[in-house]
Each structure stands twice: as structure tokens, then as C-alpha cells.
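Engineer: Dropping the structure in here first, questions after.
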Amino acid sequence: MQFSIYRYQPESHDEPYMQSFELADDRINDDTMLLGALEMLREQDPTLTFRSSCKEGVCGSDGMNVNGQNVLSCITQVKSLPAPVVIRPMPGLPVIRDLVIDMDLFYRHYESVDPYLQPTQPNQTIDLDHELLQSPQERERLDGSYECILCGCCATSCPSFWWNPDQFHGPAALLAARRFVIDSRDITTRDRLEKLDDVYKTFRCRNIQNCTASCPKGLNPSQAINELKSLMLKKQVD
Amino acid sequence: MTRLLTGFRAHLWQRVSAVWLLVYVPLAVAYLAFQPVSSHAALMGVLSQPLFWVASVLTIGLLAVHAWVGVRDAILDYAPRPRVGLWLMALATMLAFWVGFALYAAWRILVEANEGGLL
Numbered sequence: 078m079q080f081s082i083y084r085y086q087p088e089s090h091d092e093p094y095m096q097s098f099e100l101a102d103d104r105i106n107d108d109t110m111l112l113g114a115l116e117m118l119r120e121q122d123p124t125l126t127f128r129s130s131c132k133e134g135v136c137g138s139d140g141m142n143v144n145g146q147n148v149l150s151c152i153t154q155v156k157s158l159p160a161p162v163v164i165r166p167m168p169g170l171p172v173i174r175d176l177v178i179d180m181d182l183f184y185r186h187y188e189s190v191d192p193y194l195q196p197t198q199p200n201q202t203i204d205l206d207h208e209l210l211q212s213p214q215e216r217e218r219l220d221g222s223y224e225c226i227l228c229g230c231c232a233t234s235c236p237s238f239w240w241n242p243d244q245f246h247g248p249a250a251l252l253a254a255r256r257f258v259i260d261s262r263d264i265t266t267r268d269r270l271e272k273l274d275d276v277y278k279t280f281r282c283r284n285i286q287n288c289t290a291s292c293p294k295g296l297n298p299s300q301a302i303n304e305l306k307s308l309m310l311k312k313q314v315d
Numbered sequence: 002m003t004r005l006l007t008g009f010r011a012h013l014w015q016r017v018s019a020v021w022l023l024v025y026v027p028l029a030v031a032y033l034a035f036q037p038v039s040s041h042a043a044l045m046g047v048l049s050q051p052l053f054w055v056a057s058v059l060t061i062g063l064l065a066v067h068a069w070v071g072v073r074d075a076i077l078d079y080a081p082r083p084r085v086g087l088w089l090m091a092l093a094t095m096l097a098f099w100v101g102f103a104l105y106a107a108w109r110i111l112v113e114a115n116e117g118g119l120l
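In C-alpha cells:
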């Protein structure tokens, strides 16, 4: 099977280039994942660099662009891919080396939406010595938000994020923002929505929906962003 | 205008103006299509109908708002960052001229209709 892989090694090459690799078909089984194939290719060239950790689609460290689609290589079957398999780093963020990108900006956006429960406000505090109970219905509303593994497949496939990567929060951060806005245990909903009410932070989303199409966990950040906009309307009316 | 029309408010106004335009444009086209207009005076008579005139003036404002939000979004997405301010200034100037001209035309319609005894 033919592979064409993006290579960038700043210490030896000024410019990135595509390198062809060949993997014998008998080494590829039905259950061989792309990450496994990359590890086999690394036996041919030990300088081939990519991230990986859990190898089962939980850690989100091995996102990459395969045949034009952002995927997690550890849960992508090689046999499902048409050859030659063209592998590039996820677009829109700086490449450090080969398939490894600098996710710093992505994480900073995530951090900026305060992705944690805030049970205090200047004029209101929840007693943290007791459990913050939720009804099953309130808990159910969080489904589809908390499962995000921060792989970056969504943000790096979003044209709005490519255009304004330093200002638009991007789908993953906004999905997290929505998760804490709707959480019944958080009492800073109004502050959160006011913070998100910005021409860049939230309203660069143009409903392109690449985020939803590329999410390896099957989440729907696009719908979450629309829900945030609806909640802002509700806040204005209340 | 930029501060009043940013974030959620811009998003909401763009949708409100879109709905208005979606209603007004087909109705206006149908209204004008079915009016027998054979002269300038007749046209003034049609355009100066109070309901139609008020709706048209409202449309001028809402079209300007809709255009501002839509083109501003395109500028924010595509224009090189250092030139965004310049492009927004150019857009605001162009829209101000257009709104001024359109409102002047609307006012002239009222004046001519009044002089022609149509009101």
C-alpha cells in the first residue's frame, strides 16, 4: 500500500515536502489501524514523527489529516482508506515537525472559556461542603458536550478558525463553553454568555459544519454553538 | 454603528432585517408590477402611498444594517488584519452615502407628490 506523508524537519530542510512510503499488503490486516501502519513505516524511517498515546481514541493526541479529512489515526482502519493514503498534519496550526503541530493556541482558547464549574459569584456562593445535586434530566443535557477529548480535529478543519485562529474560540472551546453554560451546578451562566458575546469569539462561526463532520467522537459542536446563540437571545429576553 | 452592531446584536439584527427584506421585496415587486404606471406623476403617486413609503424608508435602514453586518463579516474573515479598519471605514462611508442618497430620494418623492397634489 502506498503512503504519501508530509515531512517537515526544520534542522535539515527549510521547506516541507511529501515523502512516499510503501507498506507490504500482507502486513495490513482488517483490524490494522492507521497508527499501527505509521509505526511500521517508522521502522523504515525512524525520523518519522507523530504523536500517539492511548491508541484507542481516548487521549486525542494522534489527530492528523488523512486524504483531506481530519481523523484520529488510532481508530481509522487502514483498509477503509483509498490508496495512496495522503497524510498531512492537521491544517491551521503551526507545524513543529512532520505530523506534529503546535496546539498551544487551541488549548489557550479552551482555557479562555473557563472550562470548570464556577459555583461562586460576588453576591452569591454555593455551599461547597455539600454535594451539588442534579436531576437525571439536568445531567442528561450534558450528553454530547463532555465527551470531547480535545483532539483538535474540529477546530483545525474549521475555515473560520483558519481565518482568525487567535480570536475565534473555535468549535472545541465553544462546545466546552456550552457544556458549562447549561450545567445546572454553575451559577455564572449570564457572565459566561456575556463573555462569549463577541464578534470574534463566537460569531465568526458561519455554520460550515466541518467541525461536526470531522469529530471522531461523533459530537456536534455546530449545534452547540447555535445553542449558545439561542441562549444569548433568551438572556436578552429574560 | 460598529459598537451597536456587534456580537449577538449584529447576529440578531441581520436575521431580523433578512426576514423584513424577504417580506418586503416580493411584495414591493408585486405591488409595482400590478400598478398601471404610465407617467412620472403616476409613479410618484404609487411611490408616495403612505404605507409603501414608510415601508420603503424602513427598508433603506434595514438593508443598510443587513449589508453592514454581512460585508463586515466578509471583511473580518478575508481582509488582512492590518487593513480591516481601513476596509470597515470604506464600507461605512459607502453605506452612509447610499443611505443619505436613498433618504434624499424618498424625501423628494414626498415633495414631488405633495407639489403634484398627490398627497
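Residue numbers (this note's numbering), protein chains in the order written: chain A, 78 to 315; chain B, 2 to 120. Think of the CB as a built atom: it goes at the ideal place given N, C-alpha and C, for glycine as much as any other residue. Predicted, not measured: the structure shown is a model, and the values here were computed from it.
1) Would you please verify whether the beta carbon of K306 of chain A is less than 8 Å from any beta carbon of chain B?
2) Rounded to whole angstroms, how far is the Cβ of R255 of chain A from the Cβ of S222 of chain A, which I believe are closer than 8 Å?
3) By DSSP, does Y94 of chain A sit in helix, in strand, or in coil?
4) Quick one: what's T60 of chain B bridged to in DSSP?
5) With respect to the beta strand (DSSP E) encompassing N241 of chain A, which residues constitute its N-terminal and C-terminal limits?
6) Taking a Cβ distance cut-off of 8 Å, strictly less, list which residues of the segment 2-19 of chain B are near chain A, in chain order.
7) Counting contacts by CB-CB distance shorter than 8 Å, is F238 of chain A in contact with chain B?
8) Please confirm if the segment 233-247 of chain A is in contact with the segment 179-198 of chain A, defined as three or more CB-CB distances below 8 Å between the two stretches.
9) For F280 of chain A, would you say it is in contact with chain B, using Cβ-to-Cβ distances shorter than 8 Å as the test?
10) Residues in its own chain within less than 6 Å of T3 of chain B by CB, not counting five upstream and five downstream?
11) Please confirm if V258 of chain A has its CB atom under 8 Å from at least one CB of chain B.
12) Taking Cβ positions, are L6 of chain B and V66 of chain B nearer each other than 8 Å?
13) Which class does S31 of chain A belong to by DSSP, given the choice of helix, strand or coil?
14) Any C-beta of chain A within less than 9 Å: which residues of the segment 55-78 of chain B qualify?
15) Looking at G137 of chain A and L149 of chain A, is the spacing between their C-beta atoms short of 8 Å?
16) Below 8 Å between beta carbons: does that hold for A301 of chain A and L252 of chain A?
17) Going by alpha carbons, who is nearest to R216 of chain A out of A:Y193, A:D206, A:R262 and A:C225?
18) Check the Cβ-Cβ distances between D274 of chain A and every residue of chain B, and say whether any is below 8 Å.
19) Could you please tell me which residues of the segment 148-176 of chain A, in chain order, have their CB closer than 9 Å to any CB of chain B?
20) Mind pulling the chain C residues with CB within less than 8 Å of L310 of chain A?
21) Might you give, ordered along the chain, the residues of its own chain that have their beta carbon closer than 6 Å to the beta carbon of Q96 of chain A, omitting 5 neighbours on each side?
22) Kindly give me the distance between the Cβ atoms of V276 of chain A and A19 of chain B, rounded to whole angstroms, as I take these residues to be in contact under 8 Å.
23) Comparing alpha-carbon positions, which option in B:L104, B:R84, B:M45 and B:A56 lies nearest G118 of chain B?
24) Confirm the yes/no value for this check: CB of G145 of chain A, any heavy atom of the ligand NAD, distance under 7 Å.
25) Measure the alpha-carbon distance for V26 of chain B versus Q313 of chain A and round it to whole angstroms.
26) For chain B, check one thing: does any of its Cβ atoms lie closer than 8 Å to the Cβ of A301 of chain A?
27) Fully enclosed by the segment 10-69 of chain B, which alpha helix (DSSP H) runs are 4 residues long or longer?
28) Taking only the alpha-carbon atoms, compute the straight-line gap between Q50 of chain B and K311 of chain A and give it to the nearest angstrom.
29) With a threshold of 7 Å on Cβ separation, who are the neighbours of L205 of chain A within its own chain once the five nearest residues in sequence on each side are excluded?
30) What are the start and end residues of the alpha helix (DSSP H) that includes N303 of chain A?
31) What are the complete beta strand (DSSP E) segments, minimum 3 residues, inside the segment 129-168 of chain A?
32) Please name the residue in A:R174, A:Q154, A:I259 and A:E188 whose C-alpha comes closest to that of G218 of chain A.
33) In its own chain, which residues sit with a C-beta less than 8 Å from the C-beta of P159 of chain A, not counting the 5 before and 5 after it?
Structural biologist: On the basis of the data shown:
1) Yes, its Cβ sits closer than 8 Å to a Cβ of chain B.
2) 6 Å
3) strand
4) DSSP output for T60 of chain B lists no bridge partner at all.
5) Element bounds for N241 of chain A: n/a, residue is neither H nor E.
6) T7, G8, F9, A11, H12 and L13
7) no
8) yes
9) yes
10) At T3 of chain B, the pLDDT of 49 sits below 50, so the modelled position is not reliable and the matter cannot be decided from this model.
11) no
12) yes
13) The structure shown has nothing for residue 31 of chain A, since chain A only spans 78 to 315.
14) Listed in sequence order: R73, D74, L77 and D78.
15) yes
16) yes
17) A:R262
18) yes
19) none
20) No chain C is present in this structure, whose protein chains are A and B.
21) I82 and R84
22) Wrong, their Cβ atoms sit about 18 Å apart, outside the cutoff.
23) Per the Cα distances, B:M45.
24) The ligand NAD is not among the ligands present in this structure, which contains no ligands whatsoever.
25) 29 Å
26) no
27) Whole alpha helix (DSSP H) segments, 4+ residues: 41-48.
28) 38 Å
29) P196
30) Start and end: P298 to V314.
31) 140-143, 146-149 and 162-165
32) Sequence check: residue 218 of chain A is Arg here, not Gly. Ranking the options by Cα distance to R218 of chain A, first place goes to A:I259.
33) N144
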